[in-house]
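A.B. asks: First the structure, which I've put down as structure tokens, then a few questions once you've had a look.
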Amino acid sequence: MKPWLIFGAGHGVGAHLLALANQHANAPLNPRPVTLLIRHPQHAEVLRSQGLTVVCGDACDPDAVLEACKLAGPEAAIISTLGSRSADYQGNRLIIDTAEKLGLKRMLLVTSIGCGDSWPTLSPAARAAFGQAVREKSLAESWLQTSSLIYTLIRPGGLLDKPATGNAIRLQAEAHGMITREDVARHISQMIEDPTTYHQIYALIEPGLAR
């Protein structure tokens, strides 16, 4: 079972992914090694007490990212759900560069609908509201696509804090809609070791889902 190295597990989609990872980490017959980079010391200590390998630091700190990648090992799959102004591009770029140097090979990057070639699908209102973040995330996508890593890009629609429904779908075409954060995490977990998702870009939405 491939180890996971999660950036952004402190909240949102990353926290739901960590919950899924914990299910495997605590399995007696086939545990999954999990390494995390967590910014807040108290949260990091709580996760350590659960038996997880945790580096306390920032995704824009080269030493912290290097330590996390070394602890995870070259066989680990990197999953980044980072979502902050500084980390959207700079943090993810640092992770990608560090992974290449250390020989890690697999990375899944969560961005958003509107990134990359889906920019024209954003409305003027959406561009005004969060266009800067989308542009930063697009830069990270490009950096990953032009790296040596086996990438998968995941572009979820509007994110909701509701229980997973299991009805979310992956699309490789123009997409608009909402999705629960938990359903995004579930799709990520399914794609990590699926070769058919290598070097692919997916939008994730649940048709008909509303706030």
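Sequential numbering of the sequence shown, starting at 137, is according to the working numbering.
From the three backbone atoms N, C-alpha and C, an ideal C-beta is built for every residue, glycine too.
#1: In the DSSP assignment, what residue or residues form a beta bridge with F143?
#2: Please go through the same chain and pick out, in chain order, the residues whose beta-carbon is closer than 7 Å to the beta-carbon of A145, but skip the five residues on each side of it.
#3: L289 and R347 - do their beta-carbons sit closer together than 8 Å?
#4: For T247 and A276, which I take to be in contact (beta-carbon distance under 8 Å), what is that distance rounded to the nearest angstrom?
#5: Do you know offhand how far K79's Cα is from S274's?
#6: So, under 8 Å CB-CB, A212 and W140 are touching, yes? Tell me the CB distance rounded to an integer number of Å.
#7: Below 7 Å CB to CB, which residues in the same chain sit around L240 once its five sequence neighbours on both sides are set aside?
#8: Is M137 helix, strand or coil when you go by DSSP?
#9: With the cut-off set at 8 Å, would you say A304 and I249 are in Cβ contact?
#10: Taking the Cβ atom as the reference point for each residue, do F143 and I231 lie within a distance shorter than 8 Å?
C.D. replies: Quick look at the numbers:
#1: Partner residues in the beta bridge of F143, as assigned by DSSP, are L173, S216.
#2: A151, L153, L154, L172, I174
#3: no
#4: 7 Å
#5: The structure shown has nothing for residue 79, since the chain only spans 137 to 347.
#6: 7 Å
#7: The residues are C205, P210, A212, I214.
#8: In the displayed model, M137 falls within coil according to three-state DSSP, outside both helix and strand.
#9: no
#10: yes
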